[in-house]
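Counting from 40, one number per residue, gives the positions in the sequence shown under our numbering.
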Amino acid sequence: MSQAQVLYDLQQIDNEIRAEKQRLGEVLRLQKEPAALLAARERAAAARADLQQWQAQHKDLTLEIASVAEKARRSEERLYSGSVKNPKELTDLQNELEALGRRRAALEDDALLMMMEIDERKGILAVADDEVASRAGEFTDASAALRQEQQTLALHLNSLLEKRGRHVTLAEPALLKSYDAISRQKNGLAVAGLQANKCLGCRLTLSSAVIRAADQGKLVYCENCGRILCPI
Ligand SMILES: [Zn+2]
40 MSQAQVLYDL QQIDNEIRAE KQRLGEVLRL QKEPAALLAA RERAAAARAD
90 LQQWQAQHKD LTLEIASVAE KARRSEERLY SGSVKNPKEL TDLQNELEAL
140 GRRRAALEDD ALLMMMEIDE RKGILAVADD EVASRAGEFT DASAALRQEQ
190 QTLALHLNSL LEKRGRHVTL AEPALLKSYD AISRQKNGLA VAGLQANKCL
240 GCRLTLSSAV IRAADQGKLV YCENCGRILC PI
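Quick look at the structure:
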């Protein structure tokens, strides 16, 4: 096998390695929770906090209603116990009972309105939780497939690196150095095919001297882009 062919084959292996590494990077990135899921989680957390705040307020109100009711019960007990004989005191008690009744009714109206607010917020939270569950489900399914792909990629990459390790021993050390240097300059593409008198790296027509040398089996470089040429 000519050195040009050895380096050309090395280039194909390196192309494959580069592509696999790139995909592996993507696969690792894709396994992070997507922004849409994180945003849905935030919305659900905010909806939950909002609901809890309303529920706490409702609980306070319920306690206040119970306290007013208890006060009314005690006043009523006194009123009908027969122990209070003073008419002024009886009138005061009656007035107090009425006031407590009005207060209780007002608080109960507030509590009812609050319950409606709470129901509405429960609905908002349920929608937000559903969205989290659905997005998390999609993500879990996708993650499973991605983990599988990651494993396949890692195994394939490993075998490619082994293949490269074996193949690279076929190249002359000086040419390998040249390959690495051009590769760094040319975005990883050190070897170009030579076809129909053209360099497939830069698409320019080569001089007859270069083509002749290549035909004689010599290792030649493109005069334009500097890549190693391999007749294909
Ligand atoms: Zn070229």
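Positions of the beta carbon are idealized from the N, C-alpha and C atoms, including for glycine.
Note that this is a predicted model, so its numbers are computed, not measured.
Residue i, enclosing beta strand (DSSP E) - first and last residue
i: Q234; result: V230 to Q234
i: L268; result: I267 to P270
Close beta carbons around residue i, own chain, < 8 Å, minus the five adjacent residues each side
i: L287; result: Summary: the structure shown does not reach residue 287, with the chain confined to residues 40 through 271, and so no result is reported for it.
i: E103; result: L146
i: E59; result: L192, H195, L196 and L199
i: Q189; result: L63, V66, L67 and Q70
i: K225; result: G240, C264, G265 and R266
Cβ neighbour criterion (16 or more within 10 Å) applied to residue i
i: V166; result: exposed
i: I267; result: buried
i: L151; result: exposed
i: D180; result: exposed
i: G140; result: exposed
i: I221; result: buried
i: A88; result: exposed
i: D53; result: buried
i: L46; result: buried
Contact test: residue i Cβ vs ligand 2 heavy atom, cutoff 8 Å
i: A43; result: Because ligand 2 does not appear in the structure shown, any question about it cannot be addressed here, the ligands present being ligand 1.
Residue range of the unbroken alpha helix (DSSP H) whose run includes residue i
i: V171; result: P126 to H206
i: G240; result: Neither: G240 is in no alpha helix (DSSP H) and is coded neither H nor E.
i: P275; result: Since the first residue of the chain shown is 40 and the last is 271, residue 275 is not available in this structure.
i: V123; result: Segment: none, V123 is in no alpha helix (DSSP H) and carries neither H nor E.
i: A210; result: Neither: A210 is in no alpha helix (DSSP H) and is coded neither H nor E.
i: S247; result: S247 to D254
Cβ-based neighbour list, residue i, same chain, cut-off 6 Å, excluding 5 preceding and 5 following
i: R80; result: V171
i: I271; result: G232 and Q234
CB-CB length for residue i against residue j, believed under 8 Å
i: L258; j: Q51; result: Actually they do not touch by this definition, with Cβ atoms about 17 Å apart.
i: S114; j: E135; result: 6 Å
i: A83; j: D168; result: 5 Å
7 Å Cβ shell around residue i - same chain, five flanking residues per side excluded
i: G256; result: S41
i: N236; result: T244, L245 and I250
i: S182; result: Q70
i: H206; result: D48, L49 and I52
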